[in-house]
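Asker:
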Amino acid sequence: MVYLTRLEHFNAAHKLYNPNWSKEKNEEVFEGCANENWHGHNFDLYVTVKGEVNPETGFVMNLKDLSKIIREHVIKKVDHKNLNLDVDFMQGKMASAEVLIVEIWKILEKQLPQGVFMHALKLYETARSFVEYYGE
Ligand code: NI
1 MVYLTRLEHF NAAHKLYNPN WSKEKNEEVF EGCANENWHG HNFDLYVTVK
51 GEVNPETGFV MNLKDLSKII REHVIKKVDH KNLNLDVDFM QGKMASAEVL
101 IVEIWKILEK QLPQGVFMHA LKLYETARSF VEYYGE
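Read in order, the letters of the sequence shown correspond to residues 1 to 136 in this note's numbering.
Written out as structure tokens, the structure is:
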């Protein structure tokens, strides 16, 4: 089993705001991230898949194909978008990195070729803050 990782990048706006709470409670919990008029991040998304090496290609899967899957099914939907307002798979959800990474996993796992499986996602919101998800 070999693990193969591709890095993709996107920019998106969001705010952390629970509509069931008062403005004061949102500001207390989320501080600047609750700013009504949004803020943005430059996100880095590391997608790691695993599989056996195909003896004919020497690949787990073609990296070009992996990049295309990530860009078509995830990046196109979130890049230069507002995560709270514009992104279909985030509707009605908290727009945190934790929620986003789980939704991205659900999308990507359906798109991989036979014999290739999701292993890990890492989503960097800033250079110093990131979330990881292993599908459990
Ligand atoms: Ni933020």
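Backbone N, C-alpha and C define an ideal beta-carbon position, used for all residues, glycine too.
(1) Would you list the residues whose beta-carbon is nearer than 7 Å to any heavy atom of ligand 1, in the order they occur in the chain?
(2) Quick one: is Val-78 buried, meaning 16 or more other Cβ sit within 10 Å of its Cβ, or exposed?
(3) Would you please state the rounded distance, in angstroms, between the beta carbons of Arg-71 and Glu-8? I believe it to be under 8 Å.
(4) Using the beta-carbon count (16 or more within 10 Å), is Ala-97 buried or exposed?
(5) In terms of residue numbering, what span does the alpha helix (DSSP H) encompassing Ala-97 cover?
(6) Which residue wins for smallest C-alpha separation from Cys-138, given the options Phe-43, Leu-16 and Ser-22?
Answerer: Let's see:
(1) His-14, Leu-16, Cys-33, His-39, His-41 and Glu-125
(2) Locating residue 78 in the sequence shown gives position 78, counting from the first residue. Looking at its Cβ environment, which holds 16 or more other Cβ atoms inside 10 Å, Val-78 is buried.
(3) Against the sequence shown, residue 71 aligns to sequence position 71. Against the sequence shown, residue 8 aligns to sequence position 8. Right, their Cβ atoms sit about 6 Å apart.
(4) Here residue 97 is taken as the residue at index 97 of the sequence shown, counted from 1. Counting Cβ neighbours within 10 Å, Ala-97 comes out buried, since at least 16 surround it.
(5) The residue given as residue 97 occupies position 97 in the sequence shown. In the DSSP assignment, Ala-97 falls within the unbroken alpha helix (DSSP H) covering 97-109.
(6) In the structure displayed, the chain extends from 1 to 136; residue 138 sits before or after that span and is not available.
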